[in-house]
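Heads up, the thing below is written out as structure tokens.
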Amino acid sequence: EKGKEKEKDKDKQNEQQKKENQSQRGNEMRCPENSLRGGREKERGGRRRREYPLHSCAKDNDVEGMKKILCAGYDVNRRDTFGATALLIACHLGHKEAVDVLLSHSNIDVNLGELWGRTALHDASKKGHYDIVKKLVEKNADVSLADKKKKSALMKAAARGHTKIVRYLIQKGADVDASDSQYESTALLYACMKGKTEVVQTLVEEGGAEMRKTNRKNESIFHCVVLGGSVQTLVFLLQFLLNKG
Numbered sequence: 002e003k004g005k006e007k008e009k010d011k012d013k014q015n016e017q018q019k020k021e022n023q024s025q026r027g028n029e030m031r032c033p034e035n036s037l038r039g040g041r042e043k044e045r046g047g048r049r050r051r052e053y054p055l056h057s058c059a060k061d062n063d064v065e066g067m068k069k070i071l072c073a074g075y076d077v078n079r080r081d082t083f084g085a086t087a088l089l090i091a092c093h094l095g096h097k098e099a100v101d102v103l104l105s106h107s108n109i110d111v112n113l114g115e116l117w118g119r120t121a122l123h124d125a126s127k128k129g130h131y132d133i134v135k136k137l138v139e140k141n142a143d144v145s146l147a148d149k150k151k152k153s154a155l156m157k158a159a160a161r162g163h164t165k166i167v168r169y170l171i172q173k174g175a176d177v178d179a180s181d182s183q184y185e186s187t188a189l190l191y192a193c194m195k196g197k198t199e200v201v202q203t204l205v206e207e208g209g210a211e212m213r214k215t216n217r218k219n220e221s222i223f224h225c226v227v228l229g230g231s232v233q234t235l236v237f238l239l240q241f242l243l244n245k246g
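Next up, the structure:
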């Protein structure tokens, strides 16, 4: 019961915040110098983040607000303090309607990354938003782009167990055996560490992933599986290798 009450309170707070954001954006639209140039600042985790109207609309999935702002000449690719575009925010949150509005803009750049190199495709893949991943790739999102730690969309999806996205990215030419710079891990090593058996199966059977690669600590797929504690993944790998001969 307490859990349900907390959820209700949280929903009320979110709805109230959304209304406040919409009211604020309404004021900004009546004052173009704020809307199209300055935006407003918010305190986020001890750091000040300048939030622009389009970003705020993307966060709230406020499609009508987005259309009005874009019609007023707003830069669809504008970045906030941390380098995030409105598209990245919408993709991160899984707001399909907002994503559709942004992708329909003739000047949209789907491959823009934020300060750490994360793109809209990275976040959509990590969060498991399959439909959005497809929309982005169809708009020429680069499946080979990696962030500043050399982590690709495929690695992010693999670590989270998003099999459908992993399969789609493989079909679209993602590099299955690429390694990141942080741990020198591949998508397969991440999936083994996290015990994502279906993803492991997809990577080796459909992607032809190299099974002999090791990470920075010289850990193999079997080390990673044992560390991750997935018996199911271990059984699959052993059976796969036995069948392969």
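For the sequence shown, our numbering gives the first residue as 2, with consecutive numbering after it. Even glycine gets a Cβ: it sits at the ideal position worked out from N, Cα and C.
Whole-angstrom distance between residue j and residue i, CA atom to CA atom
{"i": "Gly118", "j": "Lys245", "result": "38 Å"}
{"i": "Leu235", "j": "Lys69", "result": "54 Å"}
{"i": "Asp178", "j": "Ser186", "result": "9 Å"}
{"i": "Lys239", "j": "Asp148", "result": "Reading the sequence as shown, one finds Leu at residue 239 and not Lys. In a straight line, the C-alpha of Leu239 is about 33 Å away from that of Asp148."}
{"i": "Val251", "j": "Tyr169", "result": "Outside the shown range of the chain, which is 2 to 246, sits residue 251, and nothing can be said about it."}
{"i": "Arg51", "j": "Leu204", "result": "40 Å"}
{"i": "Glu65", "j": "Glu220", "result": "51 Å"}
{"i": "Asn62", "j": "Asp101", "result": "11 Å"}
{"i": "Ala175", "j": "Thr86", "result": "23 Å"}
{"i": "Glu165", "j": "Val226", "result": "Rather than Glu, the amino acid found at residue 165 in this sequence is Lys. Between Lys165 and Val226, the C-alpha separation is close to 21 Å."}
{"i": "Ser126", "j": "Lys152", "result": "12 Å"}
{"i": "Pro54", "j": "Tyr75", "result": "9 Å"}
{"i": "Leu228", "j": "Val144", "result": "29 Å"}
{"i": "Phe241", "j": "Tyr191", "result": "18 Å"}
{"i": "Ser107", "j": "Ile222", "result": "44 Å"}
{"i": "Val77", "j": "Ala210", "result": "38 Å"}
{"i": "Ser109", "j": "Gln202", "result": "This sequence places Ile at residue 109; Ser is not what is there. Cα to Cα, Ile109 sits roughly 36 Å from Gln202."}
{"i": "Lys128", "j": "Leu243", "result": "34 Å"}
{"i": "Lys135", "j": "Cys92", "result": "11 Å"}
Three-state secondary structure (DSSP) of residue i
{"i": "Arg168", "result": "helix"}
{"i": "Arg51", "result": "strand"}
{"i": "Ala147", "result": "strand"}
{"i": "Ser126", "result": "helix"}
{"i": "Ser180", "result": "coil"}
{"i": "Ser105", "result": "coil"}
{"i": "Ser186", "result": "coil"}
{"i": "Lys153", "result": "One detail in the question is off: residue 153 reads as Ser in this sequence, not Lys. DSSP places Ser153 in strand when its eight states are reduced to three."}
{"i": "Phe237", "result": "helix"}
{"i": "Lys135", "result": "helix"}
{"i": "Tyr75", "result": "coil"}
{"i": "Lys218", "result": "coil"}
{"i": "Gly162", "result": "coil"}
{"i": "Asp81", "result": "coil"}
{"i": "Gly174", "result": "coil"}
{"i": "Thr198", "result": "helix"}
{"i": "Lys245", "result": "helix"}
Exposed unless 16 or more other CB atoms sit within 10 angstroms - verdict on residue i
{"i": "Gly208", "result": "buried"}
{"i": "Leu103", "result": "buried"}
{"i": "Arg161", "result": "buried"}
{"i": "Ala73", "result": "exposed"}
{"i": "Ser36", "result": "Any answer about Ser36 is weak, because its pLDDT of 49 lies below 50 and its placement is not dependable; what the coordinates show is given next. The residue is buried, with at least 16 neighbouring Cβ atoms inside 10 Å."}
{"i": "Glu115", "result": "buried"}
{"i": "Lys218", "result": "exposed"}
{"i": "Ala180", "result": "Residue 180 is actually Ser in this sequence, not Ala. It counts as buried."}
{"i": "Asp81", "result": "buried"}
{"i": "Asp124", "result": "buried"}
Integer-rounded CB distance, given that residue j should sit under 8 Å from residue i
{"i": "Val111", "j": "Leu94", "result": "Actually they are not in contact, since the Cβ atoms of Val111 and Leu94 sit about 16 Å apart, beyond 8 Å."}
{"i": "Ala159", "j": "Lys214", "result": "That pair is no contact at about 13 Å."}
{"i": "Ser182", "j": "Lys150", "result": "6 Å"}
{"i": "Ile133", "j": "Lys97", "result": "6 Å"}
{"i": "Ala142", "j": "Leu122", "result": "4 Å"}
Proximity test, Cβ basis, 7 Å: residue i and chain C
{"i": "Cys225", "result": "Chain labels in this structure do not include chain C; a single protein chain is all it has."}
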